[in-house]
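See below for the structure under consideration.
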Amino acid sequence: MARVYFDTSFVSACVTTRDDPASIVRRQTSSEWLSTQQHLHSVFVSAEVINELDNAAFSHRDAALQLVSDLPLLELNEDAFGLAAAFIAHKLMPGPVSGDALHVAACCVHNMEYLLSWNVRHLANPRKVDHLRIICTRLGLVPPAIVTPDLLWEDPE
């Protein structure tokens, strides 16, 4: 079983009621991934995901928090915060030391194989892959593969 981390954009896509075409596709793909793929993986989130979903301005907060309520939490320790700061210092991701940088750092520190995300600007972006790999290699870490749900599909046998 692969170790997979859900970032906030994935969880949000699962519960959104937006009706623009892109949101509909992300919701359908995410829901299908949950129903057909989740059981094939060990899935995790972190307190950063919970904090982002628990924002009072997020209209689907309750549904999103319910969706992740039974998932194990990765510890956001000193190593994760330090690595997130390094990502920001090396201009891999924007600051502050939270959000995207902390999601990726938690995945690196806890040996996640995949980070599932719809955030194609800062995370699931092929232009970021080499930069992330270089920074992690210099620090003796292995970065996760950061993918959208449609790219992490296994044949359930």
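Under this note's numbering, the first residue of the sequence shown carries the number 1251, and numbering increases by one thereafter.
Quick reminder that beta carbons are idealized off the backbone N, C-alpha and C, glycines included.
Annotation: the continuous beta strand (DSSP E) that includes A1395 extends over A1395 to V1397. If the five residues before and after R1276 are omitted, its C-beta is found closer than 7 Å to the C-beta atoms of A1263 and W1368, all from its own chain and listed in chain order.
Fewer than three Cβ pairs drawn from the stretch 1306-1316 and the stretch 1324-1342 lie within less than 8 Å of each other, which leaves the two stretches out of contact. Q1288 and V1261 have their C-alpha atoms roughly 13 Å apart. When the beta-carbon positions are compared, H1291 and L1342 stay at least 7 Å from each other.
Exclusion of the five residues before and after S1280 leaves F1260, A1263, C1264, W1368 and P1399 as the residues of its chain whose Cβ lies within less than 8 Å of its Cβ. The beta-bridge partner set that DSSP reports for F1331 is empty.
CA-to-CA, the gap between N1361 and R1383 works out to about 14 Å. When DSSP states are grouped into helix, strand and coil, V1293 belongs to the strand group. One Cα belongs to N1327, the other to L1401, and the distance between them is close to 29 Å. By the CB criterion at 7 Å, H1353 and I1385 fall outside the cutoff. When R1377, R1371, C1358 and V1370 are compared, the shortest CA-CA separation from R1253 is found for C1358. Buried is the label assigned to E1298, since at least 16 other Cβ atoms lie within 10 Å of its Cβ. Following the DSSP letters along the chain, one finds V1359 inside the alpha helix (DSSP H) bounded by residues G1349 to V1359.
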